[in-house]
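Quick note on the working numbering: the sequence shown kicks off at 7 and runs consecutively.
Ideal Cβ placement from N, Cα and C applies to all residues, glycine included.
Here the structure is laid out as structure tokens; the discussion comes afterwards.
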Amino acid sequence: MMYAECVVRGLKVRIPFVCRMCGECCKKLSKVVYDPKTGKVYVEGIELDCIDGLDEFKEFSHPIKVPCPFLKDNKCTIHEIRPKSCREYPLLTGDLGVNCPALRSFNKFLKAFNPDKVEYKVDEKDIKPVKIPMKFYELFISLEPSKEELAAFLKLNELEKNLNLELSNTIKGP
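Below, the structure written as structure tokens:
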């Protein structure tokens, strides 16, 4: 999971990026390279023999942006072994203009919290939640997150009733 660790008025809050598995990023961000010397196609570091559906890329000798050949019915057929740039989307793609509903939602959350500092993190296992004030939770809820976004937010953050914070001019809200 990718998330933004934000500092707001000296307190941390983690904002999750929750992929909706819509396949939008895969329609435009795949970099496919054909090596005529070996007759192999490389998709962001994955070496493949030219199998069904990949022959069309033989005419290209440099990275191009095309739909990922592993995208079938808007689902990734190699999700468990997908390349690093896929696992760390949207951090490593360099193209955030794709029509991604999860990215729009993520950016909405970030904008509302108006953080002083943001650090992006990826795939940290066994992460301990940070303690957040009720105001952070209330703000997140007011932004109408999906069930998955709320679950991820609560996994990354723990409510601490003793934390108080004056947010009047700092946080933008919905």
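query                                                                                                                                        : result
For arginine 20, which beta-bridge partners are listed by DSSP?                                                                              : Glu11
Can you grab the Cα-Cα spacing for the pair serine 91 / methionine 27, in whole Å?                                                           : 15 angstroms
DSSP three-state label for serine 67, please.                                                                                                : Because serine 67 sits at a pLDDT of 47, beneath the cut-off of 50, its placement in the model cannot be relied upon, and the point is left open.
Could you check whether glutamate 11 and lysine 127 sit closer than 8 angstroms to each other, using their CB atoms as the reference points? : yes
Secondary structure at lysine 137, three-state DSSP: helix, strand or coil?                                                                  : strand
According to DSSP, is leucine 145 helix, strand or coil?                                                                                     : helix
Helix, strand or coil for lysine 123? Go by DSSP, reduced to three states.                                                                   : strand
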